[in-house]
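Single-structure report; data block below.
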Amino acid sequence: MIVNESGGIPNRLFFRLFQTGNILQRQVQNEMGISAVQWAVLGALSREGFEDGTSFNQLKEYLYVSRQNLDGVLKRMERDGHVVRIPDPQDRRARLVVLTESGRTFWNRLQDTIAEFYKQAMQGMSFDDGVSLLHLLKKLQHGLSDVSLKSTIPEHNDTENLDAE
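Numbering (this note's numbering), first residue to last: 1285 to 1449.
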């Protein structure tokens, strides 16, 4: 695959991912009345083994969201009674994000809606298509995690020098 071709497959692929993410966010908000990040937080905190909560940083890293984005979402979820932040028993300076009973009930009530959302969104895909896409997205995630452009991006001063010439 030619990765330097600005109008080629990589450009189209990343643009489709951008569009897909935006469509997902809009549809989740419109159809479920919550944000995609709220959905992800509820899902993450409802996993087995997370009954006692998780640290803010672990949740941020798991979801690949910014500190500011997650903090704003958690504040709304705290206001709605779906999560609380409590002192970490292992480190009193740290806090754990915990799904409340109300949050767990809300999450459980969403399950049929989520299943229907998935069904409708993937109606044009076979089971094998879904497995293949999952595999390919995982490969892309690993590739994205390894991206390092520091040595290929001109320094700010270098671009100023180019302008002066």
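For each residue, glycine too, the CB sits at the ideal point set by N, CA and C.
These numbers were taken from a predicted model, which means no experiment stands behind them.
By the beta-carbon neighbour count (other beta carbons within 10 angstroms, threshold 16), residue 1361 is buried. Closest in alpha carbon position to residue 1368, among 1354, 1383, 1357, 1374, is 1383. Pairing residue 1343 with residue 1391 gives a Cβ-Cβ distance that is not under 8 Å.
Relative to residue 1354, the option among 1375, 1332, 1323 whose CA is nearest is 1323. Distance from the CA atom of residue 1334 to the CA atom of residue 1438, rounded to whole angstroms, is 44 Å.
Taking C-beta atoms as the reference points, residue 1347 and residue 1320 fail to come closer than 8 Å. Rounded to the nearest whole angstrom, the CA to CA distance from residue 1394 to residue 1415 is 24 Å.
Contiguous beta strand (DSSP E) elements confined to the region 1288-1373 occur at 1367-1372, taking only those with 3 or more residues. When secondary structure is reduced to three states using DSSP, residue 1396 falls in the helix class. For residue 1428, the enclosing alpha helix (DSSP H) starts and ends at 1411-1429. Of the residues 1388, 1389, 1370, 1387, the one whose Cα lies closest to the Cα of residue 1380 is 1370. The beta carbon of residue 1409 sits closer than 8 Å to those of 1417, all from its chain and outside the five residues before and after it, given in chain order.
Of the other Cβ atoms in all chains shown, 16 or more fall within 10 Å of the Cβ of residue 1366; this residue is therefore buried.
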